[in-house]
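Peer 1: Sharing a structure, written as structure tokens. Questions coming.
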Amino acid sequence: MIKITNLSKFYGKNQVLNAIDLEFEKGKVYGIVGENGAGKTTLFRCISGLETYKGDIQSDFKKLKDHLGLLLTEPFFFSKITGKEYIQLLANARSIEITDMEKGNIFDLPLEQYASTYSTGMKKKLALTAILLQENKVFILDEPFNGVDIQSNLIISRIISKLKDLDKTVIISSHIFSTLAETCDEIFLMKDGEIIRKVKQADFNKLETEMKAFTIGNRIDMLDLK
């Protein structure tokens, strides 16, 4: 269980998160949706312990960050570290022994190659592989499907389902609503740093229709395409 109470975040005088209250349970998958700049990534960074904040985050763990795997939208890699060394580095951080790294290389990545030379999609798959092999209890995946090929997206969807079966907590952001609808138990709609709506699985279709109407509106007509 992760319980967030009255969470707010400021960068100087600019408030990017405003009094957020959320709960995440074990064995469930949660989606966070919202336009660019809504505050999704900042929220994830606060939960992961990468940002200071006002409010309270409680969990079943003494130190949540020691049991949490964070997949950033654009993972960072040192210039002279191979894929294999990166995975080993993250495994060492959790005192995890990897006896057969190639067996866990489900995306067939060139692990002997410098990670900085990977494509955007390959970097994301490497970072995901590394946090999975850490045996974390909580996973935060910021746009895991973005920039990744179709075949890998299918694998990632199955991974999320498997994590749920293993009683993990999974929190995802995505601009691809269909992927969230297929994997999530609950979706939270975020706008201007606030959670403005919480939707259970039974109402996902209604939420998608409302989001399309709100986002698209008459914008296409305004282009006066000919």
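Residue 1 is where the sequence shown starts when you use the UniProt record's numbering, and the numbers rise one by one after that.
For glycine and all other residues, C-beta sits at the position ideal for the given N, C-alpha and C.
From the DSSP output, read off the bridge partner residues of L22.
Peer 2: In the sequence shown, counting from the first residue as 1, residue 22 sits at position 22. In DSSP, L22 forms a bridge with I4.
Peer 1: Taking 8 Å as the cut-off, does the stretch 135-149 touch the stretch 109-126 (at least 3 CB pairs, one atom from each stretch)?
Peer 2: A contact exists between the stretch 109-126 and the stretch 135-149.
Peer 1: My output table needs one value for F145: the three-state DSSP class, helix, strand or coil.
Peer 2: Position 145 of the sequence shown, counted from the start, is the residue given in the question as residue 145. Looking at F145 - three-state DSSP - the assignment turns out to be coil, as it is neither helix nor strand.
Peer 1: Mind pulling the beta strand (DSSP E) runs of 3 or more residues that sit fully within the stretch 19-95?
Peer 2: List check, beta strand (DSSP E) in window: 29-33, 54-59, 68-71.
Peer 1: To which residues of the same chain is K28 closer than 6 Å at the C-beta, ignoring the five residues directly before and after it?
Peer 2: By one-based count along the sequence shown, residue 28 stands at place 28. Once the five neighbours on either side are set aside, the close Cβ partners of K28 are D185.
Peer 1: Out of L132, D224, A181, F204, point me to the one whose CA is closest to H67's CA.
Peer 2: Reading the sequence shown from its first residue, position 67 is the one you call residue 67. That would be L132, whose Cα lies nearest to the Cα of H67.
Peer 1: For the 8 Å Cβ check, are there 3 or more pairs between the stretch 93-112 and the stretch 166-181?
Peer 2: No: the two stretches stay apart, fewer than three of their Cβ pairs being nearer than 8 Å.
Peer 1: Please return the same chain residues whose Cβ sits closer than 6 Å to the Cβ of F61, not counting the five positions on each side in sequence.
Peer 2: The residue you call residue 61 lines up with position 61 of the sequence shown. Same-chain partners within the cutoff: H67.
Peer 1: Where does S174 fall in DSSP's three states?
Peer 2: Position 174 of the sequence shown, counted from the first residue, corresponds to residue 174. The answer is coil: DSSP assigns S174 none of H, G, I, E or B.
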